[in-house]
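Q: Before anything else, here's the structure in question.
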Amino acid sequence: MQTEKASIVQVYSSPTMTTKLPRPSTSSSSSSLPPPRHLHTTTRQDDRSSVPTIVTKPRLPRGRRRLLQDEEERKARRKAQCKLNQRRYRARQRGLISKLSLETDVWHKHLQDLREYRDFLHAYFAPCVWIKDDRRSLLVANYYLRTFRAGFTLHSTESSSLQDNFIRLVCAPGLVTQGAMTDGIEALLLQLKRYTSYHGTFEMQPQDVEMIYAPRQQQQQQQEQEQDEEDCVEEKVSWIVQAKGRVKLRISRDTLMLVYPHVMRHYDRLAQRVMGQTIEPEFTTTFYFDACARVTKLDHHVDFAGAFFRLLESPEDVAMLLEGALISPFSELGLDPQDTAAETALTRGCKQLSLKYILL
1 MQTEKASIVQ VYSSPTMTTK LPRPSTSSSS SSLPPPRHLH TTTRQDDRSS VPTIVTKPRL
61 PRGRRRLLQD EEERKARRKA QCKLNQRRYR ARQRGLISKL SLETDVWHKH LQDLREYRDF
121 LHAYFAPCVW IKDDRRSLLV ANYYLRTFRA GFTLHSTESS SLQDNFIRLV CAPGLVTQGA
181 MTDGIEALLL QLKRYTSYHG TFEMQPQDVE MIYAPRQQQQ QQQEQEQDEE DCVEEKVSWI
241 VQAKGRVKLR ISRDTLMLVY PHVMRHYDRL AQRVMGQTIE PEFTTTFYFD ACARVTKLDH
301 HVDFAGAFFR LLESPEDVAM LLEGALISPF SELGLDPQDT AAETALTRGC KQLSLKYILL
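Each residue of the sequence shown is one higher than the one before, counting from 1 in full-length UniProt numbering.
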């Protein structure tokens with residue numbers, strides 16, 4: 001019994017991979033210990049005594065297994081990072097393509113605007129033999145409605161400069177527009193900017209443009225007596241062109257802040273009803289031209305009352321909305337930014353003024 005235990009202890013302590021064990025005793029008193037689980041027992045085929053052998057499987061050192069596991073984790077992280085970098089690269093490429101496409105569309109539109117402006121200049125400065133054949137007044141009115149159909153272009157310097165040059169070209173220095181008796185050109189540009197920036201959307205839809213007054217047929221000598229276009233003064237010869245249509249305006253939060261501040265302060269229910277709604281008031285624009293086909297007076301009227309009545313269907317709500325609105329009788333939006341009283345009223349009405357109003 002002790003001999004068998006000693007042989008088993010020798011097997012555990014032996015550094016060899018394969019060890020022969022003595023034949024176990026068949027006596028009932030033998031209680032040999034079972035071999036360890038990591039040892040595999042086999043029987044040699046060439047040995048008649050069938051002595052069992054124990055084969056141990058080689059194990060990698062603990063540090064080696066750790067290195068292999070870390071290497072696999074690094075490969076997995078590197079693979080995931082490569083996929084992420086590829087997705088980011090493709091996203092940047094798609095964004096660049098979209099940006100270039102948008103810029104291309106913008107430049108195509110600007111090129112089209114330049115071509116239209118060139119055609120307008122050719123027709124505007126074309127020599128006219130008879131006054132009765134002078135159609136420059138209709139040309140100016142139609143081009144005005146077309147170039148400002150979406151309002152003043154605030155997001156494009158090229159398009160806005162083109163619109164600014166057109167206004168300064170066709171308007172007389174002493175232009176009288178709406179309620180402005182002086183600096184009419186600047187007042188007109190300011191109102192165009194405010195109509196555009198104070199509303200979520202602005203779209204002018206002219207329906208009818210007609211000449212309501214034209215001078216009688218005169219001799220060609222009357223035109224030759226004029227020295228040049230810069231010396232043109234107010235004369236009896238004039239044209240009056242009137243345009244009618246609708247303008248689509250979307251009421252935004254900026255609209256309530258800058259045009260209807262009293263609604264934001266006192267009538268929250270009414271503000272919720274009109275905010276985000278689109279109105280289509282009718283407008284009437286009347287152009288007065290001199291003999292040089294320059295605009296000397298421009299009247300612009302927008303029927304806000306009718307548009308809000310169709311929206312609210314309540315004369316009391318319409319009166320409540322327009323009673324404190326910053327709209328002049330000449331359909332001018334807002335107040336003069338240089339007027340201290342106006343700035344104080346607006347600041348009291350809403351301390352968080354829109355950046356659009358500050359810029360304008």
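Ideal Cβ positions, reconstructed from N, Cα and C, are used throughout, including at glycine.
How far does the alpha helix (DSSP H) with Thr196 in it extend, from its first residue to its last?
A: Stepping through the sequence shown from its first residue, residue 196 is reached at position 196. Start and end: 184 to 197.
Q: Would DSSP call His300 helix, strand or coil?
A: Counting from one through the sequence shown, the residue named residue 300 turns up at place 300. In this structure, His300 counts as strand in the three-state DSSP scheme.
Q: I want to know whether the stretch 94 to 109 touches the stretch 176 to 184 - three or more CB-CB distances under 8 Å.
A: No, the stretch 94 to 109 is not in contact with the stretch 176 to 184.
Q: Can you give me the Cβ contacts of Lys248 inside the same chain, cut-off strictly under 7 Å, excluding the 5 residues immediately before and after it?
A: Against the sequence shown, residue 248 aligns to sequence position 248. Closer than 7 Å at the Cβ level, and outside the excluded window around Lys248, lie Thr201, Glu203, Gln205, Thr278, Glu280.
Q: When we look at the beta-carbon of Ala291 and count the other beta-carbons within 10 Å, is it buried (16 or more) or exposed?
A: Counting from one through the sequence shown, the residue named residue 291 turns up at place 291. So Ala291 ends up on the buried side.
Q: I believe residue 385 touches Leu188 by the beta-carbon criterion, under 8 Å. Please report the beta-carbon distance rounded to the nearest angstrom.
A: Outside the displayed span of the chain (1 to 360) sits residue 385, for which this structure offers no information.
Q: Assuming residue 369 contacts Leu139 under a Cβ cut-off of 8 Å, what Cβ separation, rounded to an integer in Å, is found between them?
A: In the structure as shown, the chain starts at 1 and stops at 360, and residue 369 therefore has no counterpart that could be examined.
Q: If you follow the alpha helix (DSSP H) that Phe166 is part of, which residue opens it and which one closes it?
A: Indexing the sequence shown from 1 puts residue 166 at position 166. That run of the alpha helix (DSSP H) goes 157 to 170.
Q: May I have the straight-line CA-CA distance separating Ile327 from Pro127, to the nearest angstrom?
A: Position 327 of the sequence shown, counting from 1, holds the residue named residue 327. Position 127 of the sequence shown, counting from 1, holds the residue named residue 127. Distance between the alpha carbons of Ile327 and Pro127: 42 Å.
Q: With DSSP as the reference, label Arg127 as helix, strand or coil.
A: For the purposes of this step, residue 127 is identified with residue 127 of the sequence shown, where counting begins at 1. Correcting the residue identity first, residue 127 is Pro in this sequence and not Arg. Coil, per DSSP.
Q: When the distance is taken between beta carbons, is Gln86 closer than 8 Å to Glu332?
A: Locating residue 332 in the sequence shown gives position 332, where the first residue counts as 1. Locating residue 86 in the sequence shown gives position 86, where the first residue counts as 1. No, the Cβ-Cβ distance between Glu332 and Gln86 is not below 8 Å.
Q: Between the Cα of Phe120 and the Cα atoms of Lys99, Ser101, Thr104, Tyr144, which residue gives the shortest distance?
A: The residue you call residue 120 lines up with position 120 of the sequence shown. For the residues Lys99, Ser101, Thr104, Tyr144, the minimum Cα distance to Phe120 belongs to Tyr144.
Q: Below 8 Å CB to CB, which residues in the same chain sit around Glu323 once its five sequence neighbours on both sides are set aside?
A: Mapped onto the sequence shown, residue 323 falls at position 323. Taken in chain order, the residues that qualify are His262.
Q: What's the C-alpha gap between His266 and Arg310?
A: Position 266 of the sequence shown, counting from 1, holds the residue named residue 266. Position 310 of the sequence shown, counting from 1, holds the residue named residue 310. Cα-Cα distance, rounded: 23 Å.
Q: Would you call Phe152 buried or exposed, if buried means 16 or more other Cβ atoms sit within 10 Å of its Cβ?
A: On the sequence shown, position 152 is the one that residue 152 refers to. When all chains shown are included, Phe152 counts as buried.
Q: Is Arg171 buried or exposed, if buried means 16 or more other CB atoms sit within 10 Å of its CB?
A: Position 171 of the sequence shown, counted from the start, is the residue given in the question as residue 171. Sequence inspection shows Cys at residue 171; the Arg mentioned does not correspond to that position. Classification of Cys171: buried, given that the 10 Å Cβ count is 16 or more.
Q: Confirm, please, whether the CB-CB distance from Val318 to Phe330 is below 8 Å.
A: Reading the sequence shown from its first residue, position 330 is the one you call residue 330. Reading the sequence shown from its first residue, position 318 is the one you call residue 318. No. Outside cutoff.
Q: Could you tell me which residues DSSP puts in a beta bridge with Tyr288?
A: Numbered from 1 along the sequence shown, position 288 holds the residue referred to as residue 288. Answer is Ile240, Lys297.
Q: Suppose you measure from the CA of Phe125 to the CA of Phe289; what does that come to, to the nearest Å?
A: Here residue 125 is taken as the residue at index 125 of the sequence shown, counted from 1. Here residue 289 is taken as the residue at index 289 of the sequence shown, counted from 1. Approximately 15 Å, taken between the alpha carbons.
Q: Mapping DSSP to helix, strand and coil, what is Asp134?
A: What you label residue 134 is simply residue 134 of the sequence shown in a count that begins at 1. Correct three-state label for Asp134: coil.
Q: With DSSP run on the structure shown, which of helix, strand or coil describes Leu39?
A: In the sequence shown, counting from the first residue as 1, residue 39 sits at position 39. Low confidence applies here, because Leu39 scores a pLDDT of 47, under 50, leaving its location unreliable and the question unanswered by this model.
Q: Going by Cα to Cα distance, which pick from Arg135, Ser160, Ser137 is closest to Thr147?
A: Reading the sequence shown from its first residue, position 147 is the one you call residue 147. Considering only alpha carbons, the answer is Ser160.
Q: Run through the DSSP bridge pairs and tell me what Ala180 is partnered with.
A: For the purposes of this step, residue 180 is taken as residue 180 along the sequence shown, with counting starting at 1. According to DSSP, which records beta bridges pairwise, Ala180 is partnered with Thr177.
Q: Rounding to the nearest angstrom, what Cα-Cα distance links Ala305 and Met320 in this structure?
A: Looking up residue 305 in the sequence shown gives position 305. Looking up residue 320 in the sequence shown gives position 320. When rounded, the distance between both Cα atoms is 11 Å.
Q: Measuring only the C-alpha atoms, how far is Gln242 from Pro215?
A: Locating residue 242 in the sequence shown gives position 242, where the first residue counts as 1. Locating residue 215 in the sequence shown gives position 215, where the first residue counts as 1. Taking the straight line joining both Cα atoms gives about 16 Å.
Q: Can you list, in chain order, the residues of its chain whose CB lies under 6 Å from that of Thr284, leaving out five sequence neighbours each side?
A: The residue given as residue 284 occupies position 284 in the sequence shown. The residues are Lys244, His301.
Q: Does the Cβ-Cβ distance between Asp254 and Tyr198 come in under 8 Å?
A: Your numbering for residue 254 matches position 254 in the sequence shown. Your numbering for residue 198 matches position 198 in the sequence shown. It is a contact, given that the beta carbons lie within the stated cut-off.
Q: From Arg78, Arg246, Gln112, pick the residue whose C-alpha is nearest to that of Glu158; which is it?
A: What you label residue 158 is simply residue 158 of the sequence shown in a count that begins at 1. Comparing Cα-Cα distances from Glu158 to each of Arg78, Arg246, Gln112, the minimum goes to Gln112.
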